[in-house]
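In what follows, a structure is listed as structure tokens, so that the remarks can point back to it.
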Amino acid sequence: MRQILFLVLVFMTSTVSAEGVVYQIKASYIYNFLQFVQFSNNTLSGEVNVCIVGENKFGHALDALEGTQTPQGKIAISMFDKITQPMQIASCQVLYVVGSDIQFSQQVLDKINTENILTIGEFSDFIAMGGYIELYLEDDSIHFRVNRQLVGHTQFKVAAQLLMLGV
Amino acid sequence: MKKLLVSQILALIFSANALAKANNSAIDITGTSLSELFNLKITSLSKKKQALNKAAAAVYVLTHDEIDRLGVTTIADALRYVPGVEVANIDASRWAISIRGFNGLAANKLLVMIDGRSIYSPLFSGVVWAEKDVVLADVDRIEVIRGPGGAIWGANAVNGVINIITRKAQATQGVLLEAGVDFKQNKVVTARYGWQLAQNAYMRIYAKHRQHDSTNEQFSNDNNRHNQVGFRFDYDIANDNALTLQGDLYSGVIGNVASQAAPDGQTQSGGNLLVNWQFTGDDNGQHKLLSYYEQTQLSVPMLDDQREIWNVDYQVEQQWQQHALVGGVGYRSLQDQVDTRPFDFIAPKSRHDEVINAFIQDDIALLDDDLHLIVGIKYEHNDYSANEWLPSVRLSYQLPDAMIWAAWSKAVRVPTRVESDIRYGSFSGEHLASERANVYELGWRKKWFDVWQLDATAYRSQYENLLSFEANGYRNKVSGKVQGIELSNSIQLQPSWLVRVNLSHATMDLSTASDSLSPAGAKTTQGQMPRNTAQVISMWDINKQWKFNGYLRYVDKLTSNNIDSYWTIDATLQWQVTQRFSIQLAARNIGDGSHQEWDALVPIEQQVMINFRWGI
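Line by line, the protein sequences are chains A and B. Residue numbering for the first sequence follows my numbering, starting at 202 and increasing by one per position. Residue numbering for the second sequence follows my numbering, starting at 1078 and increasing by one per position.
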């Protein structure tokens, strides 16, 4: 209730910037999403290929994911600052588009089949453009929503638990 | 002894330095669940340029992560880690907890709330700590203000305010099982289950049991058992429109409740139901409606109390140009039945009281937001002391990497039921008035190199009308002042290693009216405040699996209680065995044998507790 006096920032135990924290949270979301997704067998080789497209704002946050076991295999991360050849991302199971550049995002989405690859974006029109998961900022927290139109039409399966959490 | 302990703690700190690994992450990327991620606050996780605490008051927040790693099983133990909070273990079941003096079993100048629900006893003054409990794993944070908070929180927030805030149900999903046991058969067992009811609607339920054996054979009536269950339901109706419904039921016993003829123990039971609705209106005003109902039964030697409280508070916050305005109104209804035995000394036996209040505060931002003038006043009407006005004026000024603030506040403590209604022969409480305080505070916060933050507060509190014992009853013939200085340092020695150093010094000088019979009483109160205290708290993340905390604490002597000054150490080692399972070893009061904290006859002994936690 009356926490007016408490509009405070607490002395924190970590020396990281706000953007650093945002991308650590986003990296953690990627890891969590992978616990709820089942990729079809023919795309699977014991590894889950997570592709990060655009400027790498994650810093070292992705180091924690590299090689980590998920139900679908170990996470392997690849970075692409831009995509010239669609072949480069053909083996991605997860594709994360960094930033809010609409044109760039559209180019990336045009090059792939969003029914085969779990696409994650971080600006508000990403779902409207055909992406699967959109991370957004609300109330000083990072939340996500899921593209309802794609649910049930993808090659990969997403557990209902995740769909329910994604507003 | 003292030297040995200091060198031990130094060795402990500096060996940690050599081994500390750089781990720059603010969160555990692979160990944080979706529901936790959902609730993480970015600003509170990041250390922004203006990361200095901006409140124009002496505020301290104990975070969830800290509570979690400290291995504490009671609220009292958690409060030991907050600078400026005097926590003394009276015996295995009772605590004396206060801020800036006037401590005791019924420390009456501190207001304590759980999720906005006051747990300050209207019967006795202060908090009956033995009957108040929460699941500490579900606590989001404990906010502590040293100094008066009457202009917002009303009467009894004279020397400080503590608000224990639990997590939203979203953040506590799934199964949590916790079991702790020490070598003296003290046990704490907690089970909690959280699940999603519908989209944006979450629920959790919990049950907690704790028991503690008596301290020793000489003092054998302080063993306790406490059982509590509760729930919390959170529903996000829309953006910025959230509803919370929560409640608890508890029952506990201290000592042996032998017979009605010679009762020597204590029993307590009760329950509460709270609803909290917060929404942002079309005018961008933030509205908060908090209402709760509480029923308690408390039975102590010579007295049984049954009590019902119904409380409703409404508050709105609105930004208007450079004014951040907050205002609110509240109503409280109390119905009780107090039976004493073997003879009557409280009259009337049953009473219905009402309290109404209204407050307004304006936070005016000046000089490009660098200067803030905060003016507030609260009006309260109660059936014991009629009208009370509680004003406060605060000023803060922002400097590069620093802030200074100053405050003047008036606060009152209203007589409680047992004080006001005592009637025994010619001894009566009917002429007792409110205790009054005028408090001046000065604060300075400074940050050096993103590594070291200092929070310094100096205060001078002038008290008038303090309660005194006279031949014909309670009167208000004690007055005096308390002045002191509080320093708390937070030093980030490594990204994974934080050290806090807290120091306080205070003096209390009370005097009595010339016709008073209470000089001895005033002297007792004076000698129950430690002049000096020191805390060194070290929190170190060794790696992802292991965490180690060390805590060295010094408390000065309490001359009135014949308690020597003491140094003692707590240490906690936490091992995250798997993502879902952790073991924690918590050793408290390590030192050269036992020490006394409040009662010279009750030694507070070493305790080594092992806690197991499963999160599924």
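Note that beta-carbon positions come from the ideal geometry of N, C-alpha and C, so glycine has one too.
Beta-bridge partners of residue i, as assigned by DSSP
i	result
B:PHE1658	B:TRP1691
A:GLU248	A:LYS275
B:ALA1134	Beta-bridge pairing links B:ALA1134 to no other residue.
B:ASN1388	B:TYR1369 and B:ARG1409
B:ALA1663	B:THR1649 and B:MET1686
B:GLY1348	B:LEU1326 and B:GLN1372
B:ASN1298	Answer is none; B:ASN1298 lacks a bridge partner.
B:GLY1627	B:SER1615 and B:ALA1648
A:TYR337	A:HIS344
Through-space distance from residue j to residue i, alpha-carbon basis
i	j	result
B:ASP1390	B:LEU1509	28 Å
B:TRP1272	B:ALA1278	9 Å
B:ILE1614	B:GLN1569	12 Å
A:ALA329	B:ILE1437	45 Å
A:ASN317	A:SER241	9 Å
B:SER1567	B:ALA1132	17 Å
A:ASP311	B:SER1112	32 Å
B:GLU1371	B:GLU1465	25 Å
B:ASP1440	B:SER1473	10 Å
B:GLY1668	B:ALA1165	17 Å
B:PRO1340	B:VAL1578	Confidence is the limiting factor: at B:PRO1340 the pLDDT is only 48, short of 50, which leaves the residue's position unreliable and the question unanswerable from this model.
B:TRP1529	B:ALA1479	12 Å
B:THR1602	B:LEU1544	11 Å
A:LYS358	A:GLN273	12 Å
B:ASP1586	B:ALA1155	30 Å
B:GLU1431	B:ILE1451	29 Å
Proximity below 9 Å, CB of residue i to CB of residue j
i	j	result
B:ALA1268	B:VAL1252	yes
A:TYR333	A:ILE321	yes
A:VAL295	A:ASN250	yes
B:ILE1219	B:ILE1196	no
B:LEU1322	B:LEU1367	no
B:TRP1691	B:LEU1254	yes
B:ASN1298	B:GLN1288	no
A:GLU323	A:GLU335	yes
B:TYR1283	B:VAL1221	no
B:SER1511	B:TYR1461	yes
B:LYS1554	B:SER1593	yes
Cutoff 9 Å: residue i Cβ touching any chain A Cβ
i	result
B:GLN1399	no
B:SER1497	no
B:LEU1544	no
B:ILE1219	no
B:ASN1316	yes
B:ALA1339	Below a pLDDT of 50, predicted positions are generally treated as unreliable, and B:ALA1339, at 43, falls in that range; no measurement from the model is reported.
B:LEU1111	yes
Buried/exposed call for residue i, threshold 16 Cβ in 10 Å
i	result
B:PHE1420	exposed
A:HIS354	exposed
B:HIS1458	exposed
B:GLU1507	exposed
B:LEU1444	exposed
B:VAL1177	In the sequence on display, residue 1177 of chain B carries Arg and not Val. Under this definition B:ARG1177 is a buried residue.
B:ILE1423	buried
A:PHE345	buried
B:ILE1167	buried
B:ASP1647	buried
B:ASN1549	exposed
B:LYS1124	Unreliable positioning characterises B:LYS1124 in this predicted model, as indicated by a pLDDT of 34, which lies under 50. The coordinate reading is nonetheless provided below. Its Cβ being crowded by 16 or more others within 10 Å, B:LYS1124 is buried.
B:ALA1435	exposed
B:GLU1563	buried
B:LYS1455	buried
A:LEU319	buried
B:GLN1475	buried
Any chain B beta carbon closer than 9 Å to residue i
i	result
A:GLU248	no
A:ILE226	yes
A:GLU335	no
A:TYR297	no
A:GLU323	no
A:GLU256	no
A:GLY300	no
A:LEU329	According to the sequence provided, residue 329 of chain A is Ala. The question's Leu does not apply to it. Output row for A:ALA329: interface = no.
A:ALA277	no
Query raised in the report: If you measure beta-carbon to beta-carbon, which residues of the stretch 341-365 of chain A are closer than 8 Å to chain D?
Result: Protein chains A and B are contained in the structure displayed, whereas chain D is not.
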